[in-house]
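A.B. asks: Read in order, the letters of the sequence shown correspond to residues 1 to 333 in UniProt numbering. This is the structure I want to talk about, given as structure tokens.
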Amino acid sequence: MPCPFRYVITDMDGTLLSPDHVVSNYTRDTLKTLVNQHGVTLILATGRSYADVRVIAENLQRYIWGDKVMVCRERMSAGPPSTPGFYLVTSNGAVVHNGVTHEVLFQSAIDPALAEKLFRMLPSDEEVVNTNAYQNEDWLCRLNWPEMMSANKESGFCFIHVPNPLPLLSCATGSVTQSPQATAPGIATGDYTNITKIFFISDDSNRLLSLADEVHGVTDAHGGSPVSLTFSTLDCLDIMAEGVTKGEALKRLFSAILPPMDGVDVVADALAHSIAFGDGLNDEEMLTAAGKGCVMKNANPRLIVRNQELEVILSNTEDGVAKKLRGLFDIPL
């Protein structure tokens, strides 16, 4: 049968991954069949950082290509890919990597002066909301909440506790508890460059909603430097640089990897031949940009209500992504 889609784009947590934050065997087998038998290009799009999901992606890649994975890497490094591609969209679209060669295709960081104001926005005695940031290869946070790492079992990715972040470019000594994962001083020494995402985590959803308004107040006071703001989950408010969304990242990715064709808008054509899956408000632009968008049954209710034209499929508990793909590509269930 003709290949219904050339690109499969999927969110990870709450979508492709099981509730235990792993790729099930059923889903792995499905993706392996799609790549090897149908020539599909796989794009993983997540709010997590690249340093966090790289291990998951490499394990999946190894399962799909087996011993050919190094051959694929060499071929793709040498020139145009001769095998189906594999890409990682991370930090809600702020960073995009070639998943085979690990090359950074593009990255968008928050203005350092604004990043400092946002990361230091809450008082030092705050206990309900935890301020976090992705900077270079590090995950930094102001409160020491080990429970936040429940989704990071496969990657082993750990946060760096920075309870008292320094002002921008201050030379003073801060109060820092540093993990072995730290690769650079960064926020701990007043350096707010290369921050791709700042996010607030709290069980108090009403507090997060009010924080969204406070963020806009901070950006206005900063001189109106705009940001992209979304909820990746009900308990997580994400802030990225202006214009950063998963949907925009897809457009930039296709523009970067596809050769021009006379009389053809290659980006629009690629999107039209894409299917996307998601469960959070941070997936909205991606789902509506793709030729077909599918919302998980376990999705944020606001996502379903706001996009009633999108098909609702089985939950991630039920391997909803894999089962939908098997049906579309005529792969036995």
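Backbone N, C-alpha and C fix where the C-beta goes; we use that ideal spot for every residue, glycine too.
Below 8 Å on the Cβ atoms is my contact criterion, and I expect MET286 with LYS246 to pass it. Report the Cβ-Cβ distance as a whole number of Å.
C.D. replies: With a Cβ gap of about 4 Å, MET286 and LYS246 count as contacting.
A.B. asks: I'd like to confirm the pairing. Which residues does DSSP put opposite ILE107 in its beta bridges?
C.D. replies: What sits at residue 107 in the sequence shown is Gln, not Ile. Answer by DSSP bridge pairing, in chain order: VAL95.
A.B. asks: Using the C-alpha atoms, what's the distance from GLY243 back to ILE56?
C.D. replies: So the alpha carbons of these two residues sit roughly 27 Å apart.
A.B. asks: Taking the Cβ atom as the reference point for each residue, do MET149 and CYS141 lie within a distance shorter than 8 Å?
C.D. replies: Not closer than 8 Å, so no.
A.B. asks: List the endpoints of the continuous alpha helix (DSSP H) containing TRP65.
C.D. replies: Here the alpha helix (DSSP H) through TRP65 covers 50 to 65.
A.B. asks: Report the option in HIS222, LYS197 and CYS236 whose CA atom is closest to the CA atom of ASN206.
C.D. replies: It is CYS236 whose Cα lies nearest to the Cα of ASN206.
A.B. asks: Take ILE275 as the anchor and find which of CYS294, LYS323, THR101 and TYR26 has the nearest alpha-carbon.
C.D. replies: If we check each option's Cα against that of ILE275, CYS294 comes out closest.
A.B. asks: Hey, could you find the ends of the alpha helix (DSSP H) PRO301 is sitting in?
C.D. replies: Per DSSP, PRO301 belongs to the alpha helix (DSSP H) from 301 to 306.
A.B. asks: Does the structure place the stretch 276 to 284 close enough to the stretch 12 to 20 that three or more beta carbon pairs sit under 8 Å?
C.D. replies: As far as the Cβ criterion goes, the stretch 12 to 20 touches the stretch 276 to 284, which means the pair count is three or higher.
A.B. asks: Just to confirm the assignment, what range does the alpha helix (DSSP H) spanning GLU116 have?
C.D. replies: GLU116 -> alpha helix (DSSP H) spans 112 to 119.
A.B. asks: Whole alpha helix (DSSP H) runs in the stretch 185 to 246 with 4 or more residues, listed along the chain?
C.D. replies: If we require 4 residues or more, the alpha helix (DSSP H) runs fully inside the stretch 185 to 246 come out as 205 to 221.
A.B. asks: Does DSSP put LYS292 in a helix, a strand or coil?
C.D. replies: In this structure, LYS292 counts as strand in the three-state DSSP scheme.
A.B. asks: Please classify GLU311: does DSSP put it in a helix, a strand, or coil?
C.D. replies: In this structure, GLU311 counts as strand in the three-state DSSP scheme.
A.B. asks: Would you kindly work out how many angstroms separate the C-alpha atoms of GLN135 and GLY186, rounded to a whole number?
C.D. replies: Each residue's Cα considered, the two are about 7 Å apart.
A.B. asks: Look at the alpha carbon of PRO180 and the alpha carbon of ASP330, and state the distance between them as a whole number of angstroms.
C.D. replies: Residue placement at PRO180 cannot be trusted, given a pLDDT of 42 that sits under 50; the coordinates are not used to answer.
A.B. asks: So, is PRO146 buried or exposed, given that buried needs 16 or more other C-beta atoms within 10 angstroms?
C.D. replies: Exposed, by the Cβ-count rule.
A.B. asks: May I ask you to report which of helix, strand or coil DSSP gives ASN132?
C.D. replies: Strand, per DSSP.
A.B. asks: Please say whether THR288 and ASN300 have beta carbons closer to each other than 8 Å?
C.D. replies: Contact: no.
A.B. asks: Would you mind stating whether PRO19 and THR233 have Cβ atoms separated by less than 8 Å?
C.D. replies: Result no, Cβ atoms of PRO19 and THR233 do not sit closer than 8 Å.
A.B. asks: Would you report the Cα separation of THR193 and LEU333, rounded to the nearest angstrom?
C.D. replies: So the two alpha carbons sit approximately 48 Å from each other.
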